[in-house]
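Q: Using our numbering, you'd call the opening residue of the sequence shown number 1390 and step up by one each time.
For reference, the structure I am asking about is given below.
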Amino acid sequence: MWGVRVASRALFLPGNGAGSKFHWKPCICSSASKQIFRDELVTLIGDPSIHVHAGGLGDSLAARDMFGRMADQHGAPCVSTLYFHAKRGEDAQAFMHLSRLRRWGLKPNEVILSALVGICGRPNRIDHGMGLHCFILKQGFQDHHFIASSLVVMYSKCARVDSARRFFEERAVYDCISWNSMISAYLRNGMSKEAIDLFSDAVGRVSDRLALVNNFTLSSVLKACALSGSIRPGRSVHGLVVKLDFEWDVVLAGSLMTMYSKHGCLGRARLIFEKLGERDLVAWNAMISGYVQFSHDEEAMKLFQRMQLEGFLPNEITLTSVLKASAGLEDIDLGKCLHAYVTKRGHISDSFAGTALVDMYSKCSEIKDAEHAFMVVRGRSLVSFNALISGYCLMGDHERAMLAYINLLKQAMRPDPLTLTGLLCSCSSKALGEGSQAHCHAIKLGFDSDISLGILWSVFMPSVASQTADEFSTSAVIKVLADWAAAEQGKHLHTLVIKMGLESAVFVATGLVDMYCKCGMVEDSFKVFVSMSLRNDVAWNVMITGLGHNGRCTKSLELFHEMVDIGVTPNAVTFIGVLAACNHAGLVDEGRSYFDLMGSRFGISPSIEHYTCMVSLLARTGRFHEAELLMNACSSLPDPVMWRSFLASCRVRRSEERPSRASKERLLSAPDVCSSSYVLLSNLFAEEGLWPEVAEIRSSMRELGMSKEPGCSWIAVRNETHVFTAEQKSGFPDHMRATLFLVHSEMRAGG
């Protein structure tokens, strides 16, 4: 029988062009052998990976023709043909053969059922899938590994994650395949926290973790950790990888590097990369894209060169990353070299690499080359159009930007806020009529609440269009963008600033430094700061404070000393930034030194803000008694902000040494006390189990007519700003609330 199977497969070897004719006359004597030969041919004919020069094979027509010639259609040929249609996604034909099997009283096996379930992973096929699920339960196949996995995948592809989890929980047997399927289902629907929680549950259930965890499981969970708002789960999974001796697995190493890179831990990612004995292309791509993501463009290019020296050929993902790096460096010569290399490698028309070329040329102000690259891209996406429109925005070419926008609409694409922001920017200096049309279209599409579009239209565009924009109006708009941390729109505005020749204005440049700092783009902020020909004390203060707030405390203090060395006299605001940097880094001794330096060297009397920074620094490091003494030494009565800072730091610290009761009660005796003071004090008493005091505080709030005002926050995701308040539940999916909970936990843990 084995020889029969070999003979049938030999017909499909390259060069056997007669195979398509020969198989109709199999030279096999016994009926059993003939049946096996025919079954094997049907299976092979249904394999789309098989190609024969004579044609006819690898085609559904050939399989159906073969099926029609069978004398016995009640056996395996029908099953083979059904399986063939299912694997090719031809659902109508597959279900037709399933109905035929059932009419003949035959039951499909687990392999066929698994393939059939696989083609139901579309919303318009969910009814068929649920019907199959009922049939599977009736036949008792629900605990078969592949069928169970296929059902979970089917429900997840139809966005029925609850149904997938319910089926998963109802199973009597759990194995590695089922856990992997459920974790992947959560990931497919953007539910990273649920995927992490499920993995934690799986690991906690068994003593033999290798029974439920393999490298695919760990890779999936690391992907979830990369998407989560906290690095902590990823570190725990990394520990498990080491414990299970998977740390040398190249796939897992790539997942670890991606996870650390997504959270900005590039040093940790590089350490894993360097430890790898045998690196694959995925590992190189993960490290290069990590550097590009955080604007370490020069490091990305160095790694790209090293990759080629070690004999690795880049793919489309690699080339997309290095093109982004060259765009960030604004090195047109490097970009053109990469363009030639992309062409040589045959990726010039690929969507990702082609779009990266458009973006690179646009940012380097080579709009003709950007247009040429755009025309070559195969299967243009919204990202491609956005890159081109942004290029026109940089050049101030509103006519071609509008033409590109009209072309986008003709392609039945829906623009996003980034598209319309670029369009409005291109119309800002002239063609106010076209800009008005674009703004109306933004409202029609429901983008009227987008903060960036509102700012550009209502504040800035009229003044630019009438040639009345000056450094003061421009700096006012920059301040609004800084307050909203609108990074992409800030970059566009920076471009307009350069175009209007206002980049040398001190107010404008200082505003840009502040905006980039508040957006977390410290490198860009520092570039603007360094490029300033004239830096006043305000510019120095903004840069020092921005570095401290972004965790670059050492750099912040170094900049302070540089400021003093070149003869710029620091003021009270400077020392607030310096003390805040010490507070962020927990540098108690340095903080004391700078606090004393204010008066001894520069003759600056500490204000409430300086005392508040020092009190918070002492309390965060557990020195509650010293913090209370400092507050008592304050020349004026400490204000509520200082007391709240002190008690909040004590609450975060959670050490055995607690602030005195008198300190807590003095919070309420301070002038201008607000509801947040009462809430903080109530929480402190509750944590210590002093429930009568909690009741008294809440009673006082009711008597004074106070209520806890809900906090308001916002987050920008894919250029859309979401504003929400505390305890708001409607309108926000569970995974968003879970992410916010993780962020809050990390904030509390980090002090």
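For glycine and all other residues, C-beta sits at the position ideal for the given N, C-alpha and C.
These numbers were taken from a predicted model, which means no experiment stands behind them.
Applying the criterion that 16 or more other CB atoms from any shown protein chain within 10 Å of the CB defines a buried residue, is V1631 buried or exposed?
A: Exposed is the call here.
Q: When you compare only the Cα positions, how much space is there between G1628 and L1641?
A: Those two C-alpha atoms are separated by around 12 angstroms.
Q: Kindly indicate which three-state DSSP category M1676 falls into: helix, strand or coil?
A: Correct three-state label for M1676: helix.
Q: Since T1899 is in the alpha helix (DSSP H), which residue starts that stretch and which ends it?
A: Start and end: 1895-1907.
Q: Among L1540, A1548, K1546, Y1575, which one has its Cα closest to the Cα of E1559?
A: Selected option, being the one with the closest Cα: L1540.
Q: Just to confirm, is the Cβ distance from A1716 to M1749 under 8 angstroms?
A: Going by C-beta atoms, A1716 is nearer than 8 angstroms to M1749.
Q: Taking the CB atoms as reference points, tell me whether I1933 and G1900 lie closer together than 8 angstroms.
A: Their beta carbons are not under 8 angstroms apart, which means I1933 does not touch G1900 by this criterion.
Q: Quick one, which of A1729, H1736, V1772, G1780 has its alpha-carbon nearest S1754's?
A: It is G1780 whose Cα lies nearest to the Cα of S1754.
Q: Contact defined as beta carbons within less than 8 angstroms: I believe K1713 pairs with A1745. What is the distance between those atoms, to the nearest angstrom?
A: Going by Cβ atoms, the distance from K1713 to A1745 rounds to 6 angstroms, so yes, they are a contact pair.
Q: I'd like to know whether the C-beta atoms of G2178 and L1870 end up nearer to each other than 8 angstroms.
A: With the chain covering only 1390 through 2140, there is no way to say anything about residue 2178.
Q: According to DSSP, simplified to helix, strand and coil, what is P1703?
A: P1703: coil per DSSP, three-state reduction.
Q: In angstroms with no decimal places, state the Cα-to-Cα distance between D1985 and G1940.
A: Whole-angstrom Cα-Cα distance: 23 angstroms.
Q: Can you find the residues in the same chain that come closer than 6 angstroms, C-beta to C-beta, to Y1649, ignoring five residues on each side of it along the sequence?
A: Excluding residues within five positions, the ones whose Cβ falls inside 6 angstroms are R1657, A1658.
Q: Please give me, in chain order, every unbroken run of the alpha helix (DSSP H) with length at least 4 that falls completely inside the region 1910-1981.
A: Runs of the alpha helix (DSSP H) inside the region 1910-1981: 1911-1920, 1926-1938, 1942-1954, 1961-1974.
Q: For a quick check, are the C-beta atoms of V2004 and S2034 less than 8 angstroms apart?
A: Going by C-beta atoms, V2004 is nearer than 8 angstroms to S2034.
Q: Got a sec? Which residues, its chain only, sit under 7 angstroms from G1937 by beta carbon, not counting five neighbours each side?
A: Hits under 7 angstroms: S1945, G1966, A1969, A1970, H1973.
Q: Pull up the CB-CB distance for L1521 and L1505, whole angstroms please, since I reckon it's below 8 angstroms.
A: Yes, they are in contact, since the Cβ atoms of L1521 and L1505 sit about 6 angstroms apart, within 8 angstroms.
Q: Whose CA, out of V2068, L1948, I1721, lies closest to the CA of R1924?
A: Of V2068, L1948, I1721, the residue nearest in Cα terms is L1948.
Q: Excluding the five sequence neighbours on either side, which residues of its own chain have a C-beta within less than 7 angstroms of the C-beta of A2037, listed in chain order?
A: Within the same chain, A2037 has close Cβ partners L2069.
Q: Tell me which residue opens and which closes the alpha helix (DSSP H) that H1517 is part of.
A: Counting along the chain, the alpha helix (DSSP H) containing H1517 begins and ends at 1515-1528.
Q: Assuming L2131 contacts S1617 under a Cβ cut-off of 8 angstroms, what Cβ separation, rounded to an integer in Å, is found between them?
A: Contact holds; Cβ gap of about 6 angstroms.
Q: Give me the residue from I1536, I1515, G1593 with the minimum Cα distance to A1548.
A: Considering only alpha carbons, the answer is I1515.
Q: On the criterion of 16 or more Cβ atoms from any shown chain inside 10 Å, does P1339 qualify as buried, or is it exposed?
A: One cannot answer for residue 1339 here, as it falls past the ends of the chain, which runs 1390 to 2140.
Q: Around the C-beta of V1919, are 16 or more other C-beta atoms found within 10 angstroms, so that it is buried, or is it exposed?
A: Label assigned to V1919: exposed.
Q: Establish whether the CB of A1615 and some CB of chain C are separated by less than 8 angstroms.
A: The structure shown contains no chain C, having only a single protein chain.
Q: Please work out which residues of its chain come closer than 7 angstroms, Cβ to Cβ, to L2019, disregarding the five sequence neighbours upstream and downstream, and give them in chain order.
A: Around L2019: Y2000, M2003, V2004, L2007.
Q: Is it true that the CB of N1569 sits closer than 8 angstroms to the CB of T1606?
A: Cβ atoms of T1606 and N1569: closer than 8 angstroms.
Q: Taking C-beta to C-beta, are M1646 and M1690 nearer than 8 angstroms?
A: It is not a contact, given that the beta carbons lie outside the stated cut-off.
Q: Just verifying my parser: in three-state terms, what is the DSSP assignment at T2128?
A: Of the three classes helix, strand and coil, the one that applies to T2128 here is helix, per DSSP.
Q: Quick one: what does DSSP say A1854 is sitting in, helix, strand or coil?
A: Note on A1854: pLDDT 49, under 50, position unreliable in the model; no value is reported.
Q: Enumerate in chain order the residues of its own chain whose CB-to-CB distance from V1681 is below 6 angstroms, with the five nearest sequence positions on each side excluded.
A: Once the five neighbours on either side are set aside, the close Cβ partners of V1681 are A1689, S1710, K1713, A1714.
Q: Assuming contact is defined by CB atoms lying nearer than 8 angstroms, are V1602 and L1633 in contact in what I supplied?
A: In this structure, L1633 lies closer than 8 angstroms to V1602 by Cβ.
Q: Alpha carbon to alpha carbon, what distance is there between E2135 and G1619?
A: Per the sequence shown, the amino acid found at residue 1619 is Ser instead of Gly. Answer to the nearest angstrom: the Cα atoms are 7 angstroms apart.
Q: Grouping DSSP H, G and I as helix and E and B as strand, with all else coil, what is S1770?
A: Of the three classes helix, strand and coil, the one that applies to S1770 here is coil, per DSSP.
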